[in-house]
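Data block below; observations after.
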Amino acid sequence: AVFQIDSCQYNVEEDLWHAQVHATDQGADLAAKYMEYQKKKMVESNIILMFGNLLLEMGEYARAETYFDTILNSSNPNDEEIACIFFNFGRTHQLKGG
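Residue numbers for the sequence shown follow this note's numbering, beginning at 191 and rising by one.
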């Protein structure tokens with residue numbers, strides 16, 4: 191559920207913020223679009239590389255880097271897979287803040 195803030199006031203005596211909110215369905219459309227995007231991405235993606243991308247989305251950067259390195263060195267990736275692996279090495283480096 192998505193909530194919209196109607197008002198927000200600080201109560202000095204209670205040392206608390208009081209917020210009035212109401213539920214909206216604004217996020218439902220965005221969530222549906224995101225789910226459709228993810229489904230499309232899964233259909234178009236290489237299943238082997240998808241696990242590494244999941245690790246990146248979970249913030250498991252070191253594990254993702256190790257996973258991509260393992261795929262590169264232990265399997266026989268085609269040219270497109272090699273390009274994706276190196277792209278993901280760069281993405282991992284960027285996400286780690288390096």
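Don't be surprised by glycine CBs; every beta carbon is placed ideally from N, CA and C.
Where do the ends of the beta strand (DSSP E) carrying Ser197 lie?
Start and end: 192 to 201.
Between Gln199 and His212, what straight-line distance do the alpha-carbon atoms span, to the nearest angstrom?
C-alpha separation (whole angstroms): 16 Å.
Using the beta-carbon count (16 or more within 10 Å), is Gly249 buried or exposed?
Exposed, because fewer than 16 other Cβ atoms sit within 10 Å of the Cβ of Gly249.
Let me know if Tyr257 comes out buried or exposed under the rule of 16 or more other beta-carbons within 10 Å of its beta-carbon.
Under this definition Tyr257 is a buried residue.
Just to confirm my understanding: we take Ile195, look at its own chain, exclude 5 residues before and 5 after, and list those with CB closer than 7 Å. What are they?
Taken in chain order, the residues that qualify are Ala209, Val211.
If you scan the stretch 202 to 253 from start to end, which runs of the beta strand (DSSP E) of 3 or more residues do you find wholly inside it?
Here the runs fully enclosed are 206 to 214.
Could you compute how far the alpha carbon of Lys230 sits from the alpha carbon of Val202?
Answer to the nearest angstrom: the Cα atoms are 51 Å apart.
In or out: Thr260 buried (at least 16 other Cβ within 10 Å) or exposed?
Exposed, since its Cβ has fewer than 16 Cβ neighbours within 10 Å.
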